[in-house]
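>
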Amino acid sequence: MEHAPCISQIATLLADPKRSAMMWALMDGSARQTEELALLAGLSPSSASAHLGRLSAGGLLKVEARGRKRFFRLAAPEIGAAIEALASATLASAPREIPDVFKRATPIARPQSAPSSLLRARFCDDHLGGTLAADLYQRLLDAGWIEQLEHRVVVTHKGATQLASRGVFIQALAHRNAQVACACPDWSERRPHMGGSLGAALLQLFMQSGWLTLPNDSRALQLTATGQREIHRFARETELEMAL
């Protein structure tokens, strides 16, 4: 056990609800002032400054001085990934308190302090998460491109044909050391989005096509004007498939 990573320090820092609220507000990769973070966490500026000092000393935040103002941002993308993993673990550990992620349901309240850009589209491991991803998953399901069989997701023949016409080949994805498709619970939507190698391939397609971009070191993905049109067209095509 001597080489096991020591996670207790980070766990202690994130265990405080006020500190975790401020960390959550920085998940989109933005830099925010002490006063803004204090407001979001319901703290006085002096208390917020003390908490931010501990987070910075612990290596979770980095400080940027702009004149007399100090701005804080996540120290590394891995910090955001760890916080998102904890959010997903919280979702998974309380299954009785949320709707079944494998059923279509109206999304319940989202985390209030999460930046809107992070809620719409973001990295979730190597695939797309957020409202955009959850909506796409549901449309693929409704169009019959994928099927939900208990806790498995399978790509139908119809779906494989349609995806191949867009440059995503299921047979090639099946040779990778990962599930082809799976329903990944989305912590902000409380409904699934597409995971597995198919989810990664779709994200790659959207980014290579210039429909989604990644500004700076953010985990939030930006939907371009072209992407808004093309992903809407993609969704419309799946809806047309539903009518056939």
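According to full-length UniProt numbering, the sequence shown is numbered sequentially starting from 1. We put the CB at the ideal spot given by N, CA and C, even for glycine.
#1: Drop a sphere of 10 angstroms on the beta-carbon of L140, count the other beta-carbons inside from all chains shown, and report buried for 16 or more, exposed for fewer.
#2: Return the bridge partner residues of L223 from the DSSP annotation.
#3: Do you know whose CA, among A57, T90, R229, lies nearest L74's CA?
#4: Buried or exposed for G29, going by 16 or more other Cβ atoms inside 10 Å?
#5: Hey, out of A200, I170, R229, F169, whose CA is closest to C184's CA?
#6: Report the partner residues of R70 according to the DSSP bridge assignment.
#7: With H, G and I counted as helix, E and B as strand and the rest as coil, what does DSSP make of R191?
#8: Tell me which same chain residues have a C-beta within less than 6 angstroms of the C-beta of G159, skipping the five on either side of it?
#9: Could you tell me the boundaries of the alpha helix (DSSP H) in which A48 lies?
#10: Distance, Cα to Cα, L61 vs L55?
#11: Quick one: what's got a C-beta closer than 6 angstroms to E35's C-beta in the same chain, skipping five residues either side?
#12: Check for me: the alpha helix (DSSP H) holding R166 runs from which residue to which?
#13: Per DSSP, what kind of secondary structure is I7 in: helix, strand or coil?
#14: Could you tell me if E189 is buried or exposed, where buried requires 16 or more neighbouring beta carbons within 10 angstroms of its beta carbon?
#15: Take the Cβ of A15 as the centre, count every other Cβ of all protein chains shown within 10 Å, and call the residue buried at 16 or more, exposed below.
#16: Identify which residue in I7, A48, S197, L40 has its Cα closest to the Cα of G59.
#17: What does the alpha-carbon distance come out to for the pair H157 and I79?
#18: Measuring alpha carbon to alpha carbon, tell me which residue in F123, C182, T213 is nearest E150.
#19: Can you say whether Q162 is buried or exposed, counting buried as having 16 or more other CB atoms within 10 angstroms of its CB?
#20: Between E220 and I231, what straight-line distance do the alpha-carbon atoms span, to the nearest angstrom?
#21: Check the DSSP bridge columns for Q33 and list the partner residues they point to.
#22: Please state the DSSP three-state secondary structure of H127.
In brief:
#1: Here residue 140 refers to the residue found at position 140 of the sequence shown. Buried, because 16 or more other Cβ atoms sit within 10 Å of the Cβ of L140.
#2: As a first step, residue 223 must be located in the sequence shown, where it is residue number 223. Its beta-bridge partners are L212.
#3: Numbered from 1 along the sequence shown, position 74 holds the residue referred to as residue 74. Answer by Cα proximity: A57.
#4: Taking the sequence shown and counting its residues from 1, one reaches residue 29 at position 29. When all chains shown are included, G29 counts as buried.
#5: The residue labelled residue 184 in the question sits at position 184 within the sequence shown. Of the residues A200, I170, R229, F169, the one whose Cα lies closest to the Cα of C184 is A200.
#6: Mapped onto the sequence shown, residue 70 falls at position 70. Secondary-structure assignment with DSSP links R70 through a beta bridge to A65.
#7: Counted from its first residue, the sequence shown places residue 191 at position 191. Coil at R191, not helix or strand.
#8: Along the sequence shown, read from residue 1 onward, the residue named residue 159 stands at position 159. Once the five neighbours on either side are set aside, the close Cβ partners of G159 are W145, I146.
#9: On the sequence shown, residue 48 is found 48 positions in, with the first residue counted as 1. Unbroken alpha helix (DSSP H) run through A48: 45–57.
#10: Residue numbering aside, residue 61 sits at position 61 when the sequence shown is read from its first letter. Residue numbering aside, residue 55 sits at position 55 when the sequence shown is read from its first letter. Looking at the backbone, the Cα of L61 and that of L55 are separated by about 6 angstroms.
#11: Mapped onto the sequence shown, residue 35 falls at position 35. Closer than 6 angstroms at Cβ, skipping near neighbours: P45.
#12: Numbered from 1 along the sequence shown, position 166 holds the residue referred to as residue 166. No alpha helix (DSSP H) contains R166, which DSSP labels as neither H nor E.
#13: Taking the first residue of the sequence shown as position 1, residue 7 is located at position 7. If DSSP states are grouped into helix, strand and coil, I7 belongs with coil.
#14: Taking the first residue of the sequence shown as 1, we reach residue 189 at position 189. The residue in question, E189, is buried, as its Cβ has 16 or more Cβ neighbours within 10 Å.
#15: Here residue 15 refers to the residue found at position 15 when the sequence shown is read from its first residue. Exposed, since its Cβ has fewer than 16 Cβ neighbours within 10 Å.
#16: Position 59 of the sequence shown holds residue 59. Checking every option, the nearest Cα to that of G59 belongs to I7.
#17: Here residue 157 corresponds to residue number 157 of the sequence shown, with the count starting at 1. Here residue 79 corresponds to residue number 79 of the sequence shown, with the count starting at 1. Each residue's Cα considered, the two are about 40 angstroms apart.
#18: Sequence index remark: in the sequence shown, residue 150 carries index 150 (1-based). Nearest C-alpha to E150 among F123, C182, T213: C182.
#19: Start at 1 with the first residue of the sequence shown, and residue 162 comes out as number 162. Under this definition Q162 is a buried residue.
#20: The residue labelled residue 220 in the question sits at position 220 within the sequence shown. The residue labelled residue 231 in the question sits at position 231 within the sequence shown. The question names Glu, but residue 220 is Ala in the sequence shown. Each residue's alpha carbon lies about 17 angstroms from the other.
#21: Taking the first residue of the sequence shown as 1, we reach residue 33 at position 33. Paired residues: F71.
#22: The residue you call residue 127 lines up with position 127 of the sequence shown. It is a strand residue.
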